[in-house]
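J.:
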Amino acid sequence: MKNLETVLRDWEAVIGLEVHTELTTLTTKMFCGCKIEYGAEPNTHVCPVCLGMPGALPQPNKAAIQSIVLAGLAVGCTIEKRSMFYRKNYFYPDMSKNFQITQGPVAFCMRGGLDLEVVGAAAKERGHREQTRPLTGGAQGYLTHIGITRIHMEEDAGKMVHKGGESGRISGADYSLLDYNRCGTPLIELVTEPDLRTPEEARLFLQKLRQIFLALRISNCSMEQGSLRCDGNVSLRRRGTNALGTKTELKNMNSFKNLHDGLTYEICRQAEVLEGGGRVVQETRHWEPSTRRTISMRVKETADDYRLFPEPDLAPYDLSDEFIAGVRALLPELPDERRERYLRDYDLPLHDANILAYDVDLADFYDAALQTSAKEKSTPTQQLAKQLAKLLINEVLAYLNAHNLTLAQTALSPENLAGLAGLTLSGALSSKQAKAVFAQTVTNGDSPQEIVDKLGFKQVSDVEELTAVARDILTRFPDKVREYRAGKTGLIGFFVGQAMQATAGQANPVLLNETFTGLLNE
Amino acid sequence: MNPTKDTAGNAPEADKAKERASKNPGKRAGENNNMPLAEYAALNIADIRSALVAGDLSALDLALAAQAALEHLDEQVHAFVQPTFELAQTTANEIDSHNVRATGLAGVPIAFKDNMNQQGTRTTCASKMLANYQSTYTATCVGRALAAGALPMGKLNMDEFAFGSSTETSAFGPTCNPWDIRRVPGGSSGGSAAAVASGMVPVALGSDTGGSIRQPAAFCGVVGFKPTYGTVSRYGVVAFGSSLDQVGPFGRSVACVAATMDAICGRDALDCTSQDVSFSYEQAAHAGTEQGIKGLRVGVVSGYLDLPGVHPEVIAALQGAITRLQQLGAYIQEIELPNAKAALSAYYVIGPCEAFSNLSRFDSVRYGYRRAGADNLGEQYELSRSAGFGAETIRRIMLGSYLLSSGVYDTYYYPAQQVRTLITQDYERAFEQVDVLLTPVSPRTAFEFGEIADPTQMYLSDIFTIPINIAGNGGLSLPVGLGEESKLPVAVQIIGPQFKDFNIMRVAAALEATYDIQRLAPLVQEEHRRTAALRPGEKSAAPRPDAESKPKAHHDDTPAAHDTRLDKTAGEVQ
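Those protein sequences? They're chains A and B, same order as listed. Note that the working numbering has the first sequence beginning at 15, numbered continuously upward. Note that the working numbering has the second sequence beginning at 33, numbered continuously upward.
1. Select from B/T355, B/S437, B/G400 the residue whose C-alpha is nearest the C-alpha of A/D318.
2. If you measure beta-carbon to beta-carbon, which residues of the stretch 87 to 117 of chain A are closer than 7 Å to chain B?
3. Evaluate B/D93 with the Cβ neighbour count: other Cβ atoms within 10 Å of its Cβ, from every protein chain shown; 16 or more gives buried, anything less gives exposed.
4. Taking Cβ-Cβ distances shorter than 7 Å, what residues in chain B pair up with A/D319?
5. Can at least three beta-carbon pairs, one atom from the stretch 47 to 56 of chain A and one from the stretch 285 to 294 of chain A, be found at a separation below 8 Å?
6. State the start and end residues of the unbroken beta strand (DSSP E) segment that holds A/C123.
7. Taking C-beta pairs closer than 9 Å, name the residues in chain A that B/T116 reaches, listed in chain order.
8. Use the C-beta contact count for B/Q323: other C-beta atoms within 10 angstroms, 16 or more gives buried, fewer gives exposed.
9. Name the chain A residues that come within less than 7 Å of B/D395, Cβ to Cβ?
10. Please report the straight-line C-alpha distance between A/S269 and A/H300, rounded to a whole angstrom.
11. Taking only beta-carbon positions, decide if A/F122 is within less than 8 Å of chain B.
12. Flag B/S389 as yes if its beta-carbon sits less than 8 Å from any beta-carbon of chain A, otherwise no.
13. Return the first residue and the last residue of the alpha helix (DSSP H) that A/N368 is part of.
14. Going along chain E, which residues have a C-beta under 8 Å from B/Y165?
15. What does DSSP give as the partner residue(s) for A/H300 in the beta ladder?
16. Give the range of the beta strand (DSSP E) segment to which B/G341 is assigned.
17. Please state whether DSSP places A/M174 in a helix, a strand or coil.
18. With a threshold of 8 Å between beta-carbons, can B/C297 be considered close to chain A, or not?
19. Determine the chain A residues that contact B/E386 at a beta-carbon separation under 7 Å, and present them in chain order.
20. Examine chain A for any beta-carbon lying closer than 8 Å to the beta-carbon of B/N631, and answer yes or no.
21. Establish whether the CB of A/Q73 and some CB of chain B are separated by less than 8 Å.
22. Flag B/T168 as yes when its Cβ comes closer than 7 Å to any non-hydrogen atom of the ligand NAD, and as no otherwise.
23. Counting only beta-carbon separations shorter than 8 Å, does B/T155 have a partner in chain A?
24. How about A/F270: is its C-beta nearer than 8 Å to some C-beta of chain B?
25. Counting contacts by CB-CB distance shorter than 8 Å, is A/L65 in contact with chain B?
26. I'd like the list of long-range same chain contacts for A/N527, defined as Cβ closer than 8 Å, with 5 residues on each side in sequence excluded.
27. From B/V397 to A/Y331, what does the alpha carbon distance come to, in whole angstroms?
28. What is the DSSP secondary structure of B/D578, counted as helix, strand or coil?
29. May I ask you to list the residues that DSSP assigns as paired with A/W25?
30. Of all the CB atoms in chain A, is at least one closer than 8 Å to the CB of B/Y313?
31. Select from the stretch 262 to 279 of chain B all residues with a C-beta closer than 8 Å to any C-beta belonging to chain A, and list them in chain order.
32. Where does B/A111 land, buried or exposed, given buried means 16+ other C-beta within 10 angstroms?
33. Which bits of chain A does B/S392 rub up against, with CB to CB less than 8 Å?
34. Determine the extent of the alpha helix (DSSP H) in which B/R461 is found, giving its start and end residues.
35. If the criterion is Cβ atoms closer than 8 Å, does the pair B/Y313 and B/A349 meet it?
36. A/T58: buried (16+ other C-beta within 10 angstroms of its C-beta) or exposed?
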């Protein structure tokens, strides 16, 4: 099989995604009062409604409607004031009523889109840059717009566990277990236009969508737990042609890497079929990460007939202007806007702004820390902002990654991080001391000043005191002084190092450097 | 047609009860459980209230009398699929131990159509599919009736999943019309109508999707009311056609029906199609008898009586009612309903479509009938559903499945919804001109078992009731006496504007007061004569009616454990 790069030279891949997001931050299900809880004992969060008992009727969850409108506004959709729920009828045991309540031709959110920035290595997959824009500032990469067809509301199915048999799949299983805890969990399904052209674009789109949904705090968006799921539709066409080819639907791409790799495999597979004179069959294919290939699940000879019709148990939804305005007022700052602010107001390096702005927890922490320090200190905000960003990325993120923790799982508070930033910025702490202070405050929550006092950390920044130390060192190493004066200026590091040792690391290294230079050039 | 003739003379028994109620205050609970059958059978809600207040009867007396009535009568009628005597006695004891309330439904024996969930009972929908289904919760309408103090006597027979107009499609065998046990009680709420007509309970609940309350009420000579869609919560009532289904009461009088409505109506958070009710049905009915209906405008639909197949007795009944309304000072006006003729077609699209989807949950996976021997899931569905559902149910499911399939949907379902809008507008226009409409309920009186074998002929028996479900209005079936030749009950239908059911109550109560008609089937008197006083568990020694005259169950595979034809041990809930 040819590799992706070769294939994409001759073929254009047309990719669309269907992204399902469970609204996990809601407390109750879509149409009943059962709790939403991942990993609970099977069938403990169930009632007549979500079990599809005879006679039970759905009661819509208003908070879920608010969440989907929030999502729609965040990705530039038009909010349809009048929409309806529909029944999608099909038999499967995980769907207790044997129909899924979903939406019809008009969804709550229609016609939106996102700009996608494709930079660095990711940009290399798209050799042909038609219909893209260059990045501002001349960075390597491109900007492309991905249309969003719609976002509609639906209810999730339960879970099936197939026992016996080899594959863990239903065929060949001895029996299947059903857990309806998830059944009826509110789910929003976002459908994109077929605007994506490379697996990297698909991966970046999903990543960006996840960052937005996390910022909206409507879901925990965990691909591992299945609260964020993505199916892909992919077809190929010869470069320069417009007609769409036959598509296949890809399932089981339950990580960003799997999404990328699954699409890559499928594109290459289709190219091989087409180049061999064959025909792509319209079908659903399953990505198998273990064998790194897609396998056919079922051939769609005809479109599935879900017998969609308006749900008679639920009245059509009329969203008022006030409701929509109310939701709009709840829209938080979105990641793109946040990055703009960091670049504009704090002049952060692009790298730092990217890391902070697209992680809502980190960014909220960062903003909170900045706010506390702005209240207390007169340090110039930009300087402190940069210092804080540096600490967050170099110390905090490194710590979290090393210990596999989230911010909330540590004792670190925004106030204490701001305090630490202030101490390092004023030169009161050496970077080595700062690390030691961080190591304590992140575990015990003590304020950096308390820790400094307790450890007796004090950076010596007194010029007279430092000059005395420096003179002492120069007297002890007359040979080195001669060598330096003969032109071996690199020895300055040696002198500073000696002085640091002599002061047990408490001397301000920047000032020491200046002092030595001054003395040696006398 | 001789609506004023009182042939059975059961009214004096009711008078006796009232008399005793006033003479014997301070009687203790359980002392009066040897009430004569005809006396119990004639009680209405007002009688029960006054007897309870006077202390002449206790709730337990009533529970026991109802139980005795069931034990004596239901073998012939087969209205009940599951008596709940223990539940009734427990409820009665609770009422007696608290101070008896003279309002609501305190001490009123009631029974529920078996598509209504009631915890502690099976809810079978008269289907093999749900023959063993134990309710896990209680329907709002049932819960509200019980909260108002009603005594739950049991679950009532019906057409399977409410598909039918004769109660012949019940998997547990049909119910007989108490007026003539060779005839059907109507359907689908045939058990509810027959239970009231035979005096076993003064009120019962049924559901009406296309006439399933009003038509059996007419066939059995009792009052049956389908409120405006949205008036009574559907939560817990096994759905047939969600946009058409409405719960309503059967009763011995308009007042009984009104009092029951007040107990069960109103907004329920669990049914988002339900609405608040801002008036009292009982007061509306009271206004009808006290203030009359002078000046009210009554519409009569042009051409309705010229439709083919409308029986002369039905025409006579309607004309008689018109005369009486005029005598009461009402204006009679002819009304055009140009689109009503399309109602049946729209109904047989919308109904099966919704039913197909609503019945999908009965798949043998979580509950319900499961046929052994399937090799895979698809086969399990197929085998279980084919064997669990009766023929009419399967017919409706297949019809709905076809009508909703792609390509067909646009030809049928979509136009049916448009027709529905037109019909609704017809009624809206009509009620700009009149306060109520007066129509027949059914084109004919009760027919014999097996008489209508062609399903489409059966569907035609609902032509006067179906348009009201399509439009969503309320409609009441008021008995106006017996047909001159047939000696079977005949009724008229009073229809009101949406959410103005008080018009119906007012006119129905006023019109009812002009009739002095027999409300209980002769069967009650016959049984009464055989037995002097009844105690639960005692049976009269008189011979039963010839078993041969009873229709046989249509389903040979009726589940034996649930053939609860008053098998007192098998039928009682645990």
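By construction, the Cβ of each residue, glycine as well, lies at the ideal position given by its N, Cα and C atoms.
T.: In short:
1. The count along the first sequence starts at 1 and reaches residue 318 of chain A at position 304. Closest by alpha carbon: B/S437.
2. Of all residues in the stretch 87 to 117 of chain A, R101, N103, F105, P107, S110, K111, N112, F113 have a Cβ within less than 7 Å of some Cβ in chain B.
3. Position 61 of the second sequence, counted from the first residue, corresponds to residue 93 of chain B. Buried: at least 16 other Cβ atoms inside 10 Å.
4. What you label residue 319 of chain A is simply residue 305 of the first sequence in a count that begins at 1. Ordered by position in chain B, the residues that pass the 7 Å Cβ test against A/D319 are S437, S438.
5. The count of Cβ pairs closer than 8 Å, one atom from the stretch 47 to 56 of chain A and one from the stretch 285 to 294 of chain A, stays below three, leaving the stretches out of contact.
6. Translated into positions along the first sequence, residue 123 of chain A becomes position 109. Looking at the DSSP string, the run of the beta strand (DSSP E) that includes A/C123 is 123 to 133.
7. As a first step, residue 116 of chain B must be located in the second sequence, where it is residue number 84. From the beta-carbon of B/T116, no residue of chain A is found nearer than 9 Å; the closest lies around 18 Å away.
8. Taking the first residue of the second sequence as 1, we reach residue 323 of chain B at position 291. So B/Q323 ends up on the exposed side.
9. Translated into positions along the second sequence, residue 395 of chain B becomes position 363. At a beta-carbon threshold of 7 Å, the residues of chain A lying near B/D395 are F105, N112, ordered along the chain.
10. Taking the first sequence and counting its residues from 1, one reaches residue 269 of chain A at position 255. Taking the first sequence and counting its residues from 1, one reaches residue 300 of chain A at position 286. Between A/S269 and A/H300, the C-alpha separation is close to 14 Å.
11. By 1-based counting over the first sequence, the position of residue 122 of chain A is 108. Output row for A/F122: interface = no.
12. By one-based count along the second sequence, residue 389 of chain B stands at place 357. Closer than 8 Å to some Cβ of chain A, the Cβ of B/S389 qualifies, so yes.
13. As a position in the first sequence, residue 368 of chain A is number 354, starting the count at 1. Taken as a continuous stretch (DSSP letters only), the alpha helix (DSSP H) holding A/N368 covers 364 to 371.
14. In the structure shown, chain E does not exist; the protein chains are A and B.
15. Here residue 300 of chain A refers to the residue found at position 286 of the first sequence. In the DSSP output, where bridge partners are listed per residue, A/H300 has A/K265, A/I309.
16. If you number the second sequence from 1, residue 341 of chain B lands on position 309. Looking at the DSSP string, B/G341 is not in any beta strand (DSSP E), and its letter there is neither H nor E.
17. Taking the first sequence and counting its residues from 1, one reaches residue 174 of chain A at position 160. In the three-state reduction of the DSSP assignment, A/M174 falls in the strand class.
18. Here residue 297 of chain B refers to the residue found at position 265 when the second sequence is read from its first residue. Residue-level contact check: B/C297 does not touch chain A, since none of the beta carbons of chain A fall below 8 Å from its beta carbon.
19. The count along the second sequence starts at 1 and reaches residue 386 of chain B at position 354. Chain A residues near B/E386: P326.
20. Shown here, chain B extends from 33 to 606; a query on residue 631 of chain B therefore has no answer.
21. Walking along the first sequence from the start, residue 73 of chain A turns up at place 59. Taking 8 Å as the threshold, the shortest C-beta distance from A/Q73 to chain B falls below it.
22. Ligands are entirely absent from the displayed structure, and the ligand NAD is therefore not among its contents.
23. Sequence index remark: in the second sequence, residue 155 of chain B carries index 123 (1-based). Taking Cβ atoms only, chain A reaches closer than 8 Å to B/T155, which makes this a yes.
24. The residue labelled residue 270 of chain A in the question sits at position 256 within the first sequence. Using beta-carbon distances, A/F270 does not count as an interface residue toward chain B, since no partner is under 8 Å.
25. For the purposes of this step, residue 65 of chain A is taken as residue 51 along the first sequence, with counting starting at 1. Chain B contact via Cβ: present.
26. Reading the first sequence from its first residue, position 513 is the one you call residue 527 of chain A. Apart from sequence neighbours up to five positions away, the residues of its chain that approach A/N527 with a beta-carbon distance below 8 Å are I506, V510, ordered along the chain.
27. The residue labelled residue 397 of chain B in the question sits at position 365 within the second sequence. The residue labelled residue 331 of chain A in the question sits at position 317 within the first sequence. Near 32 Å, if we compare the C-alpha coordinates of A/Y331 and B/V397.
28. Indexing the second sequence from 1 puts residue 578 of chain B at position 546. Caution is warranted here: a pLDDT of 43 is assigned to B/D578, below 50, making its placement in the model unreliable, and the coordinate value is therefore given only provisionally. Note: B/D578 maps to coil in three-state DSSP.
29. By 1-based counting over the first sequence, the position of residue 25 of chain A is 11. Its beta-bridge partners are A/R252.
30. One-based indexing of the second sequence puts residue 313 of chain B at position 281. Put simply, the CB of B/Y313 is far from chain A, with every gap to its CB atoms at 8 Å or more.
31. Listed by position along the chain: R266, Y267, G268, V269, V270, A271, G273, S274, S275.
32. For the purposes of this step, residue 111 of chain B is taken as residue 79 along the second sequence, with counting starting at 1. Taking a 10 Å sphere around the C-beta of B/A111, we find 16 or more other C-beta atoms and assign the residue as buried.
33. Position 360 of the second sequence, counted from the start, is the residue given in the question as residue 392 of chain B. The answer, in chain order, is N103, F105, K111, N112, F113.
34. As a first step, residue 461 of chain B must be located in the second sequence, where it is residue number 429. Taken as a continuous stretch (DSSP letters only), the alpha helix (DSSP H) holding B/R461 covers 441 to 465.
35. If you number the second sequence from 1, residue 313 of chain B lands on position 281. If you number the second sequence from 1, residue 349 of chain B lands on position 317. For B/Y313 and B/A349, no; Cβs fall outside 8 Å.
36. Counted from its first residue, the first sequence places residue 58 of chain A at position 44. Exposed, by the Cβ-count rule.
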